[in-house]
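A short worksheet on the structure shown next.
Residue numbers (our numbering), protein chains in the order written: chain A, 11 to 303; chain B, 2 to 282.
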């Protein structure tokens, strides 16, 4: 090999080597191993791991109803959560790009919950739902606060939704604000002079011009809610009676609580396939939107 | 917007909107009121009415929570793991992205595709075998092992962000440096790396929020009590003191305090970083 080739090899190893090494070791190899283990009866303890073919997948599709219950919960949660958090994020951004005196302080307030991790937020809200809400209910008599919060399926579901929206709306607000401040002022003024109402301007000028931000926010919210784990673990731990168990939590419990690692990796593989499909659809939609503009 | 224009635009309607938003802001802050007010109440006071202002201030709650959660130790663990991880992620990702942009070979195109594709993989699809791999390589129950994991998980998004940014760095400066006798390594460290600073800040911010708050990966990697990060210490504390809110709430307050202070101090950079880095789907 010539000196130049050696020099190129040296640079390649120096610059790309470290990132590729850690990525392969930590993500690549475990991901491929997971595919293999999903066809085995690995329990995490025994030395021998036996090939069981499609048994794990058969188990998931026949008597693995808890997996589908978790999927159904995750889908419901994603739909409601994505719509609500985007709605709040968008409205906050829309109002806080107006010349309000306290707009910077309000932006800070709405964003702040986002920097706190889901695990700690879940514990804080557990207290608020159980003790705080009942205290408010006692003093005001409003039946909303006297519901058995986190105690039944319905309130547990909406409890997680409330915390999710409280946590994530501010992040989406930041992205929407960035989009809205990029809308050219002269376009807005022209629409105003032409006599367009506020609602018309919003619908026919602002929203079309911030579609890239809308797409980003939708994708982010889908990604967060579909893979939700920390908040789920600390707020309800999947209860009551597994009614609020997300797919991520279901996989975790299958592997590390039931010690069925083989079955857990099979569930994780299916989860990956669904997440990859959703992402592919997202990319398709973004690409087609870009062509239109 | 000029001052006079701002005054003219501030109509009665805007004022009403302002009041409405202040109300919404207060609702957003209510959880913090519950957390702080109840964290200094005695247990009896807390049970009788969780919404009231504390009748006495039991600051000793904080002292007990501080000791039981071994807060200084957990804080230092979180800080060490986060700071070392974010710096190393940013450096190795900047290096890899630079080489991939400037030397667009088949290999590098393939590697870049691999990193981008890997952003789709959910953590749950890696974590179970990762525990086994960590055991083989003797990475389990060590901060070094945990940091190595963060390098692997953090690299794809960071490389993706640096890749886009490096493309905008003009090639002419590098060529001039080469003519002046600079080595390829010198070009990167002395010329390109300083120019990547805005994206470096974004990558560091995004990764620091994620790693500081991460619970699942450290919970799988670390077992020893003295290695616990803040989320781990909080979780195990809750296991032992379920429903002991007079201890749990001060512990939670201590737990969120560092990151809230960090946010308030670095707000400008965090908001900029999020706007610049909001590409991951």
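Built from N, CA and C at the ideal position, the CB exists for glycine as well.
- In terms of Cα proximity to residue 190 of chain A, the closest of A/176, A/148 and A/221 is A/221.
- Within chain A, 36 have C-beta atoms less than 8 Å from the C-beta of residue 150 of chain B, given in sequence order.
- In this chain, the alpha helix (DSSP H) harbouring residue 76 of chain A covers 75 to 105.
- The Cβ-Cβ distance between residue 77 of chain A and residue 272 of chain A does not fall below 8 Å.
- Residue 270 of chain B is outside the set of residues whose beta carbon lies under 8 Å from a beta carbon in chain A.
- Taking a 10 Å sphere around the C-beta of residue 246 of chain A, we find 16 or more other C-beta atoms and assign the residue as buried.
- Nearest neighbour of residue 86 of chain A by Cα position, chosen from A/291, A/287 and A/256, turns out to be A/256.
- Distance from the CA of residue 227 of chain A to the CA of residue 225 of chain B, rounded to the nearest whole angstrom, comes to 39 Å.
- In terms of Cβ geometry, residue 149 of chain B and residue 36 of chain A form a close pair [threshold 8 Å].
- Looking at B/246, B/17, B/142 and B/58, the one whose alpha-carbon comes closest to that of residue 82 of chain B is B/142.
- Per the DSSP secondary-structure output, residue 61 of chain A pairs in a beta bridge with A/50.
- Under the three-state reduction of DSSP output, residue 110 of chain A falls in the coil class, being neither helix nor strand.
- For residue 209 of chain A, the uninterrupted alpha helix (DSSP H) segment begins and ends at 208 to 211.
- Check the Cα spacing between residue 237 of chain A and each of A/294, A/133, A/274 and A/259: the tightest is with A/259.
- A residue is called buried when at least 16 other Cβ atoms come within 10 angstroms of its Cβ; residue 186 of chain B does not meet this threshold and is exposed.
- Around residue 55 of chain B, no beta-carbon contact reaches into chain A at under 9 Å, the shortest distance being about 13 Å.
- The beta carbons of residue 41 of chain B and residue 19 of chain B sit no closer together than 8 Å.
- Closest option to residue 141 of chain A, judged by alpha-carbon separation, among B/112, B/51 and B/87: B/51.
- Within the stretch 62 to 125 of chain B, not a single complete beta strand (DSSP E) segment reaches 3 residues in length.
- Between the stretch 185 to 202 of chain B and the stretch 95 to 105 of chain B, the count of C-beta pairs closer than 8 Å reaches three or more; the two stretches touch.
- Taking a beta-carbon distance threshold of 8 Å, residue 125 of chain B counts as an interface residue toward chain A.
- Within the stretch 231 to 257 of chain A, those residues whose Cβ lies closer than 7 Å to any Cβ of chain B are, in chain order, 233, 237, 239 and 240.
- Counting along the chain, no alpha helix (DSSP H) covers residue 141 of chain A, and no H or E run does either.
- Chain A has no Cβ within less than 8 Å of the Cβ of residue 225 of chain B.
- Taking the CA atoms as reference points, residue 165 of chain A sits about 42 Å from residue 200 of chain B.
- At a C-beta separation below 7 Å, residue 205 of chain A has no neighbours in chain B, since its nearest C-beta there lies roughly 18 Å away.
- Chain A has a Cβ within less than 8 Å of the Cβ of residue 52 of chain B.
- For the options A/233, A/270 and A/244, the alpha carbon positioned closest to that of residue 292 of chain A is the one of A/233.
- By the 16-neighbour rule on beta-carbons within 10 angstroms, residue 184 of chain A is buried.
- Residue 187 of chain B is outside the set of residues whose beta carbon lies under 8 Å from a beta carbon in chain A.
- Where residue 173 of chain A is concerned, the enclosing alpha helix (DSSP H) starts and stops at 163 to 191.
- When Cβ-Cβ separations below 8 Å define contact, residue 144 of chain B makes no contact with chain A.
- Taking a beta-carbon distance threshold of 8 Å, residue 253 of chain B counts as an interface residue toward chain A.
- Note on residue 194 of chain A: under 16 other CB atoms within 10 angstroms of its CB, so exposed under the neighbour-count rule.
- Between residue 77 of chain B and chain A, the shortest Cβ-Cβ separation is not below 8 Å.
- Residue 179 of chain A sits close to residue 99 of chain A, with the two beta carbons spaced by under 8 Å.
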